[in-house]
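Data first, discussion second: the structure below is written as structure tokens.
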Amino acid sequence: NAGVMQNPRHLVRRRGQEARLRCSPMKGHSHVYWYRQLPEEGLKFMVYLQKENIIDESGMPKERFSAEFPKEGPSILRIQQVVRGDSAAYFCASSPGQGYDEQYFGPGTRLTVT
Amino acid sequence: EDQVTQSPEALRLQEGESSSLNCSYTVSGLRGLFWYRQDPGKGPEFLFTLYSAGEEKEKERLKATLTKKESFLHITAPKPEDSATYLCAVPGGGNQFYFGTGTSLTVIP
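Protein chains in written order, with my numbering: chain C, 32 to 145; chain R, 525 to 633.
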């Protein structure tokens, strides 16, 4: 039973480029969450999606960041025109139901902006 | 406004030396408190969910307990492989989960 998969595991981008992070939830899970973790800081919620719907994006910066979870394929977190402050570990989690079920995390994508 | 506070930030134990980690929360209408373990360079690994005051759950050397304002993660006779960062999280008013900054546990052989 494959867990949550994320790719790439490591991503290096120059300032101004686009970063695209992918997340495939656990089998049978239709709820996906994205978090950002900065060194010495806790996990910060970014966005919550269900298939084809953004349910809550209150934690996502208003500009340059977007997320989608299409009917087919993985969830995508897209960061346009990256800046050095975007360097962080980005984690995806999935859950079987809405709201307060436990979330299962992927291994993360470590984004470095040079 | 902090929703979740964990203490201590770091804890060093000798192998076999039992201790407890604390997670205090301020959300009203608790809808679950979640404990995770995170190893360096990896994603958090789910450990426990607690839903009501007085509830306890155990897994190997770990036992989690819950009161109305805080949760404890008790570690009995820890081993070096228990070294990790332990995170707690609570659901907020919407769909957000609020995570604490974690307790970094080091168990020395």
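We put the beta carbon where it would ideally sit given N, CA and C, even for glycine. None of the values given here were measured: they were computed from a predicted structure.
Are the CB atoms of residue j and residue i within a distance shorter than 9 Å?
{"i": "residue 557 of chain R", "j": "residue 613 of chain R", "result": "yes"}
{"i": "residue 81 of chain C", "j": "residue 62 of chain C", "result": "yes"}
{"i": "residue 585 of chain R", "j": "residue 566 of chain R", "result": "no"}
{"i": "residue 113 of chain C", "j": "residue 46 of chain C", "result": "yes"}
{"i": "residue 108 of chain C", "j": "residue 78 of chain C", "result": "yes"}
{"i": "residue 137 of chain C", "j": "residue 34 of chain C", "result": "yes"}
{"i": "residue 588 of chain R", "j": "residue 594 of chain R", "result": "no"}
{"i": "residue 68 of chain C", "j": "residue 124 of chain C", "result": "no"}
Check the Cβ-Cβ distances between residue i and every residue of chain R, and say whether any is below 9 Å.
{"i": "residue 52 of chain C", "result": "no"}
{"i": "residue 33 of chain C", "result": "no"}
{"i": "residue 98 of chain C", "result": "no"}
{"i": "residue 86 of chain C", "result": "yes"}
{"i": "residue 59 of chain C", "result": "no"}
{"i": "residue 73 of chain C", "result": "yes"}
{"i": "residue 48 of chain C", "result": "no"}
So, does the CB of residue i fall closer than 9 Å to a CB anywhere in chain C?
{"i": "residue 569 of chain R", "result": "yes"}
{"i": "residue 578 of chain R", "result": "no"}
{"i": "residue 551 of chain R", "result": "no"}
{"i": "residue 630 of chain R", "result": "no"}
Note down the Cα distance separating residue i from residue j, rounded to an integer number of angstroms.
{"i": "residue 632 of chain R", "j": "residue 598 of chain R", "result": "17 Å"}
{"i": "residue 542 of chain R", "j": "residue 601 of chain R", "result": "5 Å"}
{"i": "residue 625 of chain R", "j": "residue 582 of chain R", "result": "23 Å"}
{"i": "residue 537 of chain R", "j": "residue 607 of chain R", "result": "9 Å"}
{"i": "residue 97 of chain C", "j": "residue 73 of chain C", "result": "21 Å"}
{"i": "residue 110 of chain C", "j": "residue 622 of chain R", "result": "23 Å"}
{"i": "residue 573 of chain R", "j": "residue 60 of chain C", "result": "18 Å"}
{"i": "residue 620 of chain R", "j": "residue 64 of chain C", "result": "9 Å"}
*Positions along the region 603-620 of chain R whose CB lies within less than 9 Å of some CB in chain C*: 611, 613, 615, 616, 618, 619 and 620
_Minimum length 4: unbroken alpha helix (DSSP H) runs contained in the region 543-625 of chain R_ = none
*Could you please tell me which residues of the region 99-121 of chain C, in chain order, have their CB closer than 8 Å to any CB of chain R?*
none
*Could you tell me which uninterrupted beta strand (DSSP E) segments, each at least 3 residues in length, are contained entirely in the region 32-112 of chain C, listed from first to last along the chain?*
36-38, 41-44, 50-55, 62-68, 74-81, 84-87, 96-99 and 106-110
*Pull out every residue of the region 130-142 of chain C whose Cβ sits closer than 9 Å to any Cβ of chain R, in chain order.*
130, 131, 132, 133, 134, 135, 136, 137, 138, 139 and 141
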